[in-house]
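Visitor: Protein sequences appear in the order of chains U and C.
Read in order, the letters of the first sequence are residues 118 to 263 in our numbering.
Read in order, the letters of the second sequence are residues 118 to 263 in our numbering.
No residue lacks a Cβ here, since even glycine has one placed at the ideal position from N, Cα and C.
There are 2 protein chains.
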Amino acid sequence: MLSKKTKYAFHALTYLAENQDKRAVLIQEIASSKNISHKFLENILLELKKAGILGSKKGKGGGYYLIKKPEEITLAKIIRLLNGPIAWLPCVSLNYYEKCSDCADEATCNMHIIMCQVRDQTLAVVENKTLSDLIAKTTDKQPLKY
Amino acid sequence: MLSKKTKYAFHALTYLAENQDKRAVLIQEIASSKNISHKFLENILLELKKAGILGSKKGKGGGYYLIKKPEEITLAKIIRLLNGPIAWLPCVSLNYYEKCSDCADEATCNMHIIMCQVRDQTLAVVENKTLSDLIAKTTDKQPLKY
DNA sequence: ATAAAACCTACAAACTAAGTAGGGTATTAG
DNA sequence: CTAATACCCTACTTAGTTTGTAGGTTTTAT
Numbered sequence: 118m119l120s121k122k123t124k125y126a127f128h129a130l131t132y133l134a135e136n137q138d139k140r141a142v143l144i145q146e147i148a149s150s151k152n153i154s155h156k157f158l159e160n161i162l163l164e165l166k167k168a169g170i171l172g173s174k175k176g177k178g179g180g181y182y183l184i185k186k187p188e189e190i191t192l193a194k195i196i197r198l199l200n201g202p203i204a205w206l207p208c209v210s211l212n213y214y215e216k217c218s219d220c221a222d223e224a225t226c227n228m229h230i231i232m233c234q235v236r237d238q239t240l241a242v243v244e245n246k247t248l249s250d251l252i253a254k255t256t257d258k259q260p261l262k263y
Numbered sequence: 118m119l120s121k122k123t124k125y126a127f128h129a130l131t132y133l134a135e136n137q138d139k140r141a142v143l144i145q146e147i148a149s150s151k152n153i154s155h156k157f158l159e160n161i162l163l164e165l166k167k168a169g170i171l172g173s174k175k176g177k178g179g180g181y182y183l184i185k186k187p188e189e190i191t192l193a194k195i196i197r198l199l200n201g202p203i204a205w206l207p208c209v210s211l212n213y214y215e216k217c218s219d220c221a222d223e224a225t226c227n228m229h230i231i232m233c234q235v236r237d238q239t240l241a242v243v244e245n246k247t248l249s250d251l252i253a254k255t256t257d258k259q260p261l262k263y
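Structure representation (structure tokens):
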């Protein structure tokens, strides 16, 4: 399950993506708009900034803004950053790999092989969906198929 | 990430599947064979029994045994039982559904739609893999492809 | 200068996972 | 019958993570 932190990050990012005209958006504006604790959101935006997704401006008139185009921000990146590994086991994680203590040979471990499949199927979606897919409007006549 | 409980369950189940000849296997035998705390494993086996996957025999000469064929026990069932929801959001969970508080219409919520895709891709694997796939031996000449 | 805003560190509370303790109860060999 | 065996059950403890809070520091526009 995705953590609240992750969901808040998506909410904040979609808000920023929908308000790209404004130069910098206040933490408080996002927080009250999306019903998130100001201080908690502060930490999240800071993480997104350190990851190179957001930029910020200090002082009066400051705030946060997208530093990349929505099409360049994949869901996978956000989820890895705030939620942790996408894989179900450390031994099949691309970004948080750890060897199993009990498993001698990954090439012949059935669990390993199956969990790789799960990982790849998941990545097939979240590596190819971006922030722009989250803010896209679905029309009544042509609902998004999946 | 899968919890230890879930991993222990898979270890225990594979052990039982590989020892189907013996009528009933002692908790202690599985525990020491797979390096799991006896008491912790006891709870796990009990859950598996209540879910109709294992049977047990009390008294001297008792123990646990598989009540279903390995081909009938899907990974999805075990994961849901011990790890919880497979979906990333409550609003896309088939077995643990909960409505989002903030989302008015699931049909047009982009996050909902994408998370449904993730869920379905994951289920495509774990609903079709069973305990028998975990105990299958991969030969050196013909390694399992994926 | 001063007010406004991001930035930073540390901590507290709430929740969940993991493991422990101790006994109760059913079964069966002898 | 009876005692050993081993499942069954409840409650508790410990450890770790998530979520949220507090208070101060730095930067910048006016």
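Would you kindly work out how many angstroms separate the C-alpha atoms of ALA141/C and LYS177/C, rounded to a whole number?
Guide: Roughly 11 Å separates the two Cα atoms.
Visitor: Mapping DSSP to helix, strand and coil, what is LYS185/C?
Guide: Looking at LYS185/C - three-state DSSP - the assignment turns out to be coil, as it is neither helix nor strand.
Visitor: Could you check the C-alpha separation between THR225/C and THR123/C for me, to the nearest Å?
Guide: Between THR225/C and THR123/C, the C-alpha separation is close to 34 Å.
Visitor: Just checking my contact of GLU188/U with THR247/U at CB under 8 Å: how many whole Å lie between their CB atoms?
Guide: Contact flag correct, Cβ pair sits at about 5 Å.
Visitor: Residues of chain C with a CB under 9 Å from the CB of LEU119/U: which are they?
Guide: Those are TRP205, LEU206 and MET232, listed as they occur along chain C.
Visitor: Can you give the beta carbon distance from LEU206/C to TYR181/C, rounded, assuming they're within the 8 Å contact cut?
Guide: Not a contact, Cβ separation roughly 35 Å.
Visitor: Have a look at LYS235/C and GLY179/C and give me their C-alpha separation to the nearest angstrom.
Guide: At residue 235/C the sequence reads Val, which differs from the Lys that was named. Cα to Cα, VAL235/C sits roughly 43 Å from GLY179/C.
Visitor: Listed from N- to C-terminal order along the chain, which residues in the stretch 193-226 of chain C have their beta-carbon within a distance smaller than 7 Å of any beta-carbon of chain U?
Guide: From the stretch 193-226 of chain C, only PRO202, TRP205, LEU206, ALA224 and THR225 have a Cβ closer than 7 Å to chain U.
Visitor: Name the chain C residues whose beta carbon is nearer than 8 Å to that of THR239/U?
Guide: Simply VAL235, GLN238 and THR239.
Visitor: Report all residues from its chain with a CB closer than 8 Å to the CB of TYR125/U; omit the five preceding and five following residues, and keep chain order.
Guide: Cβ neighbours of TYR125/U beyond the five flanking positions: LYS151, ILE153, PHE157, LEU158 and ILE161.
Visitor: Establish whether the CB of LYS246/U and some CB of chain C are separated by less than 7 Å.
Guide: Yes, because at least one Cβ of chain C sits closer than 7 Å to the Cβ of LYS246/U.
Visitor: Would you call the CB atoms of THR239/U and ILE195/U closer than 7 Å?
Guide: For THR239/U and ILE195/U, no; Cβs fall outside 7 Å.
Visitor: Can you tell which of CYS217/U, LEU192/U, GLY201/U and VAL209/U has the C-alpha that lies nearest to the C-alpha of ALA241/U?
Guide: Nearest option by C-alpha distance: LEU192/U.
Visitor: With a 10 Å radius around its C-beta and 16 neighbouring C-beta atoms as the bar for buried, classify CYS233/C as buried or exposed.
Guide: The residue in question, CYS233/C, is buried, as its Cβ has 16 or more Cβ neighbours within 10 Å.
Visitor: With H, G and I counted as helix, E and B as strand and the rest as coil, what does DSSP make of LEU171/U?
Guide: Strand at LEU171/U.
Visitor: State yes or no: is the beta carbon of LEU251/U nearer than 7 Å to at least one beta carbon in chain C?
Guide: By this cut-off, LEU251/U is an interface position.
Visitor: Applying the criterion that 16 or more other CB atoms from any shown protein chain within 10 Å of the CB defines a buried residue, is ALA129/U buried or exposed?
Guide: ALA129/U should be labelled buried.
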